[in-house]
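Protein chains in written order, with this note's numbering: chain A, 123 to 235; chain B, -5 to 103.
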């Protein structure tokens, strides 16, 4: 059982480049989340999807877009990467929004030069 | 704005010692969770506390939820090197998770 799978694990971008972070879960969970983790800041919610077909902004959505492609997949896109977006990005899923535990992927470490 | 404050930020102890980490907020949460994160991995849930005043034990770990559901503590008895990691608390409110910045715990043999 793979749980939550994130790709890629590492990425280096130049300022202005775009990329999409992929996330897939095989637990038939309804809710999915994207967080960024920075030193001293903890995990901050970027976007979340309470169910297939819906997405909502979190605490720090600027500079990002998301797509809930189907129940399994939730992608995060950086249209024009900036150095401030250097971070570790985590995808998580939950059976229902906020009522159950979150299962996290192993993260994507992104550097924007 | 960090709604959940964790203290201390860093804790280094010897094997066999006890430790307590704290998670405080001015907000009330419907539940509070504790996660442990190891290098290169995502956080893994340890426990969820729901009722004010609730105490839960997980082997050598004791978790307490404050009476007003605004704060929580994690106490580890006789710490072992395997307890090393980043401990995160997360408050759940209105369907969203709010994480603290974490306490980095290092247990040396």
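By construction, the Cβ of each residue, glycine as well, lies at the ideal position given by its N, Cα and C atoms.
If you draw a straight line from the alpha carbon of residue i to that of residue j, how long is it in whole angstroms?
i: residue 150/A; j: residue 128/A; result: 16 Å
i: residue 64/B; j: residue 22/B; result: 5 Å
i: residue 13/B; j: residue 163/A; result: 23 Å
i: residue 15/B; j: residue 185/A; result: 34 Å
i: residue 84/B; j: residue 94/B; result: 6 Å
Would you say residue i reaches chain A, if we count a Cβ-Cβ gap shorter than 9 Å as a contact?
i: residue 42/B; result: yes
i: residue 39/B; result: yes
i: residue 58/B; result: no
i: residue 82/B; result: yes
Select from the options the residue whose C-alpha is nearest the C-alpha of residue i.
i: residue 26/B; options: 89/B, 102/B, 98/B; result: 89/B
i: residue 68/B; options: 42/B, 87/B, 62/B; result: 42/B
i: residue 34/B; options: 212/A, 140/A, 156/A, 235/A; result: 212/A
i: residue 61/B; options: 51/B, 99/B, 50/B, 45/B; result: 45/B
i: residue 169/A; options: 126/A, 216/A, 156/A; result: 156/A
i: residue 194/A; options: 139/A, 144/A, 137/A; result: 144/A
i: residue 1/B; options: 66/B, 8/B, 52/B; result: 66/B
Would a check of beta-carbon distances place residue i closer than 9 Å to chain B?
i: residue 232/A; result: no
i: residue 144/A; result: no
i: residue 167/A; result: yes
Which chain A residues sit within Cβ distance under 9 Å of residue i?
i: residue 27/B; result: 223, 224
Interface residues of chain B around residue i at Cβ under 8 Å?
i: residue 227/A; result: 36
Taking Cβ-Cβ distances shorter than 7 Å, what residues in chain A pair up with residue i?
i: residue 95/B; result: 162, 163, 164
So which residues on chain B does residue i lean against when the C-beta distance must stay under 7 Å?
i: residue 212/A; result: 36
> Does the stretch 50 to 61 of chain B come within contact of the stretch 70 to 88 of chain B, defined as at least 3 CB pairs closer than 8 Å?
Replying inline: Three or more Cβ pairs drawn from the stretch 50 to 61 of chain B and the stretch 70 to 88 of chain B lie within less than 8 Å of each other, which places the two stretches in contact.
> Can at least three beta-carbon pairs, one atom from the stretch 74 to 81 of chain B and one from the stretch 221 to 233 of chain A, be found at a separation below 8 Å?
Replying inline: no
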